[in-house]
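*Asks:* Once you've had a glance at the structure underneath, I'll fire off some questions.
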Amino acid sequence: MLIEVRATERLRGPKALDLTPVLAAVVQAVKDGAVDPARLRVVCDWVQYRENFREPVLLRPIIPSAFDAARATRNGSADDPAAYELALDLRRSGAIDLPQALGRALCPDHSLGRVYLEPWTRGSVSCIWKFNALFWKALPLWEQGVGRSYEQALPGGESDARNLAAARELILELFAIWDDLAARRALPDELYVLELGVGNGGQARAWLDEFRRLDRELGRDYYRRLHYLMGDYSPTVLERAREHVRDHLERLSCLVLDATRPSETLGFLRGKAFLVYISNVYDNLPTDEVVRIGGHLYQVQVRAYLPEAAARDLAEPLGRAPQDLSALAARLLRLGPELLADALPDCFPTSLAAVAFWRQVWQALRLEERYVPLEELDAYEVAPGIGGELLRPIVETNGDLRMHVGNGAAASFADTLPLLHPLGVLRCHDLFVTDVQQYASGFRGPGKYDGSVVNWVNGPLLAAIAGRRGYSIGFTPFAHRPGSHITTLTAQVRE
Ligand SMILES: C[S@@+](CC[C@H](N)C(=O)[O-])C[C@H]1O[C@@H](n2cnc3c(N)ncnc32)[C@H](O)[C@@H]1O
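If you read the sequence shown in the numbering used here, its first letter stands for residue 218, the second for the next number, and so on.
Structure below.
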């Protein structure tokens with residue numbers, strides 16, 4: 218039996234974790250449990266997100282490959298060839314009755330009473346992404362229900378996107394490029410800047426205010442020629458952002474678009490954008506996860522569910538059976554809280570009552586996980602036009618590891634690069650894994666931020682995409698807030 222501790226940063230120093238009781242409880246539970254230790258591996262994470270999709274202890278079946286299953290049949294083995302991974306969250310292990318939780322996870326009927334919201338599926342198409350999209354679409358109602366703005370739920374209480382020093386640095390870089398082009402009489406009349414995933418417009422406002430100020434101060438005439446395009450898939454978010462930058466309306470265009478397919482809407486921008494700015498969006502885009510165990514590759518499949526007790530508490534006041542919650546949640550995702558309240562006034566007399574239901578479902582929502590063999594990487598698609606083969610060097614040179622694919626980020630990145638002017642820059646502040654080994658030393662998501670999902674982004678995969686397309690890419694720690702986990706990605710045409 219293998220025990221893997223991924224929270225390595227927490228094993229030393231004055232506040233070092235004491236693993237002894239955790240390991241003792243695991244050993245005892247295995248002794249008493251129904252799972253053969255020869256087919257069990259144990260992984261311990263520190264899940265830093267207070268709101269997340271995991272119980273403190275969970276069991277993941279590792280589905281045997283067709284080859285292993287056939288061999289077991291050929292050998293006439295009566296044994297179930299399935300293996301298991303027992304996953305523990307060390308952050309919560311001291312706050313629960315660990316022996317009881319372990320005993321329950323290892324018992325065959327541990328999932329009884331759960332209300333499933335979807336069938337098994339790969340992570341990027343789980344219903345959690347519909348909840349995520351609903352959050353941005355119905356943001357004002359959610360905020361009304363919670364009584365605070367979404368930005369207050371972020372670490373530090375505000376987004377780094379508003380950081381003035383970072384904005385100034387970027388604007389001066391642009392001015393230098395434009396000065397140079399102007400000197401050669403090669404500066405186009407229209408100076409395009411694109412922002413994807415605009416949030417409340419705080420970044421756009423800080424950036425445009427600073428742009429106009431520097432333009433005046435340095436005696437350029439670039440502001441008049443600037444076209445600032447804001448793209449987001451939520452019309453509500455766009456409207457709010459637009460309000461926030463109303464001072465710059467003449468320079469602004471707002472476009473409803475999917476950040477994973479920007480060129481669908483922005484075809485006219487091909488080769489023209491001097492800057493594409495994206496902050497905290499890639500970590501909010503759908504992703505699969507893959508895991509390598511004993512040299513074999515598996516896809517992580519998930520199945521969203523509501524735990525038995527939470528489902529009972531949710532259903533009772535509505536006068537419904539727990540099993541009805543699956544249909545109610547699907548209706549919420551289809552209609553949104555306002556129309557749900559219109560459609561079912563007996564359950565939800567007001568929109569805010571529907572929002573309260575939404576928040577409770579989201580808070581209770583957990584993901585079951587299982588590992589399914591991924592035998593043919595070339596048949597797997599990372600994103601449109603990006604085959605799974607691109608993953609091979611990453612998964613094959615890093616040993617046994619679980620990691621995100623970052624499908625949404627990969628799609629967005631690959632589809633945005635062609636929009637860049639030959640001297641243009643794509644600048645992205647986000648939570649990046651820059652060395653795949655970082656997956657072995659810390660938990661990288663998914664977590665919940667308010668009603669949205671957060672996952673770290675697989676930087677080496679984006680680097681591989683950039684390399685194949687003739688772009689250079691660099692990752693640097695976000696320089697303008699000490700202690701920030703944010704990394705800055707810069708991509709531009711390779712010289
Ligand atoms: C976490 S917020 C970041 C806001 C802002 N850039 C910041 O750094 O504070 C994510 C933003 O991306 C948008 N978004 C998420 N997924 C998207 C998608 N597939 N297409 C377009 N916009 C998306 C959301 O509506 C939201 O405005």
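We treat Cβ as the ideally placed atom computed from N, Cα and C, and that holds for glycine. Keep in mind it's a predicted model, so treat the numbers as computed, not measured.
Could you please give me the residues that DSSP links to Gly604 through a beta bridge?
*Replies:* Its beta-bridge partners are Glu598.
*Asks:* State yes or no: is the C-beta of Gly414 nearer than 7 angstroms to some heavy atom of ligand 1?
*Replies:* Under cutoff, so the answer is yes.
*Asks:* Starting from the C-beta of Gly691, find all residues in its chain whose C-beta is less than 7 angstroms away, skip the five residues before and the five after it, and write them out in chain order.
*Replies:* Closer than 7 angstroms at the Cβ level, and outside the excluded window around Gly691, lie Thr707.
*Asks:* Quick one: measure Cβ to Cβ for Arg468 and Leu443, integer angstroms, because I've assumed they're closer than 8 angstroms.
*Replies:* Contact flag correct, Cβ pair sits at about 5 angstroms.
*Asks:* Give the secondary structure of Gln361 by DSSP, where H, G and I count as helix, E and B as strand, and everything else as coil.
*Replies:* Reduced to three states, the DSSP call for Gln361 is helix.
*Asks:* Let me know if Thr633 comes out buried or exposed under the rule of 16 or more other beta-carbons within 10 Å of its beta-carbon.
*Replies:* So Thr633 ends up on the buried side.
*Asks:* Which two residues bound the contiguous alpha helix (DSSP H) that contains Glu585?
*Replies:* Careful: Glu585 lies outside any alpha helix (DSSP H), inside the beta strand (DSSP E) at Arg583 to Pro590.
*Asks:* Label Pro566 either buried or exposed according to how many other C-beta atoms from any shown protein chain fall within 10 Å of its C-beta, with 16 as the threshold for buried.
*Replies:* Classification of Pro566: exposed, given that the 10 Å Cβ count is below 16.
*Asks:* Which residue comes first and which comes last in the beta strand (DSSP E) that contains Gly330?
*Replies:* Where Gly330 is concerned, there is no enclosing beta strand (DSSP E), given that its DSSP letter is neither H nor E.
*Asks:* Compute every distance between the C-beta of Thr504 and the non-hydrogen atoms of ligand 1, then say whether any falls below 7 angstroms.
*Replies:* Every heavy atom of ligand 1 is 7 angstroms or more from the Cβ of Thr504, so no.
*Asks:* With distances taken from CA atoms, which of Arg229, Gly230 and Leu219 is nearest Ala255?
*Replies:* Checking every option, the nearest Cα to that of Ala255 belongs to Leu219.
*Asks:* Just to confirm, are Thr453 and Gly340 a CB contact at a threshold of 8 angstroms?
*Replies:* Contact flag unset, no.
*Asks:* Which residue spans inside the stretch 218-251 form an unbroken alpha helix (DSSP H) run of at least 4?
*Replies:* Qualifying alpha helix (DSSP H) stretches, in chain order: 237-249.
*Asks:* When the distance is taken between beta carbons, is Ala476 closer than 8 angstroms to Gly448?
*Replies:* The answer is yes: Cβ separation under 8 angstroms.
*Asks:* Under a Cβ-count criterion, where at least 16 other Cβ atoms within 10 Å of its own Cβ denotes burial, should Trp337 be classed as buried or exposed?
*Replies:* That one is exposed.
*Asks:* Pro554: which of Glu407, Thr704 and Ala355 sits nearest, CA to CA?
*Replies:* Per the Cα distances, Ala355.
*Asks:* Where does Ala251 land, buried or exposed, given buried means 16+ other C-beta within 10 angstroms?
*Replies:* Ala251 is exposed by the Cβ-count criterion.
*Asks:* Need the endpoints of the beta strand (DSSP E) that Ile394 sits in, please.
*Replies:* Per DSSP, Ile394 belongs to no beta strand (DSSP E); it is in the alpha helix (DSSP H), Leu381 to Ala400.
*Asks:* Who does Gly419 pair with in a DSSP beta bridge?
*Replies:* None; Gly419 has no bridge partner.
*Asks:* Could you give the distance in angstroms between the alpha-carbon of Phe485 and the alpha-carbon of Pro639?
*Replies:* C-alpha separation (whole angstroms): 15 angstroms.
*Asks:* My output table needs one value for Glu481: the three-state DSSP class, helix, strand or coil.
*Replies:* The answer is helix: DSSP assigns Glu481 an H, G or I state.
*Asks:* What whole-angstrom Cβ distance do Phe352 and Trp359 have, given they're in contact under 8 angstroms?
*Replies:* With 8 angstroms as the limit, Phe352 and Trp359 qualify as a contact, their Cβ atoms being about 6 angstroms apart.
*Asks:* So Asp647 and Val612 are supposed to be a Cβ contact under 8 angstroms. How far apart are they, rounded?
*Replies:* Asp647 to Val612, Cβ: 22 angstroms. No contact.
*Asks:* Where DSSP assigns a beta bridge to Glu302, which residues make up the other side?
*Replies:* Glu302 pairs with Arg258 and Arg277.
*Asks:* Look at the alpha carbon of Leu474 and the alpha carbon of Arg229, and state the distance between them as a whole number of angstroms.
*Replies:* Their backbone Cα atoms lie some 46 angstroms apart in a straight line.
*Asks:* Taking 8 angstroms as the cut-off, decide whether the C-beta atoms of Arg433 and Phe392 are in contact.
*Replies:* No, the pair does not count as a contact, with Cβ atoms beyond the cut-off.
*Asks:* Of the choices Gln577, Phe660 and Arg587, whose alpha-carbon is the least far from that of Gln516?
*Replies:* Answer by Cα proximity: Arg587.
*Asks:* Would you call the CB atoms of Glu427 and Leu381 closer than 8 angstroms?
*Replies:* Yes, the Cβ-Cβ distance between Glu427 and Leu381 is below 8 angstroms.
*Asks:* Measuring CB atoms only, is the stretch 406-425 touching the stretch 491-505, in the sense that at least three cross pairs come out at less than 8 angstroms?
*Replies:* Yes, since at least three Cβ pairs between the stretch 406-425 and the stretch 491-505 fall closer than 8 angstroms, the two stretches touch.
*Asks:* Per DSSP, what kind of secondary structure is Tyr439 in: helix, strand or coil?
*Replies:* In this structure, Tyr439 counts as coil in the three-state DSSP scheme.
*Asks:* Run the CB neighbour count on Thr693, radius 10 Å, all protein chains shown included, and call it buried at 16 or more, exposed below.
*Replies:* With fewer than 16 Cβ atoms within 10 Å of its Cβ, Thr693 is classed as exposed.
*Asks:* Using the three-state DSSP reduction, which class does Lys347 fall into: helix, strand or coil?
*Replies:* It is helical.
*Asks:* Ligand 1 and Asn624: does any heavy atom of the ligand fall closer than 7 angstroms to the residue's C-beta?
*Replies:* No, the beta carbon of Asn624 sits no closer than 7 angstroms to any heavy atom of ligand 1.
*Asks:* Kindly examine ligand 1 and report whether one of its heavy atoms sits closer than 7 angstroms to the Cβ of Ser496.
*Replies:* Correct: Ser496 has its Cβ closer than 7 angstroms to ligand 1.
*Asks:* Would you tell me roughly how many angstroms separate the C-alpha atoms of Asp249 and Gly320, rounded to the nearest one?
*Replies:* Each residue's Cα considered, the two are about 8 angstroms apart.
*Asks:* Classify Asp667 as helix, strand or coil using the three-state DSSP reduction.
*Replies:* Reduced to three states, the DSSP call for Asp667 is coil.
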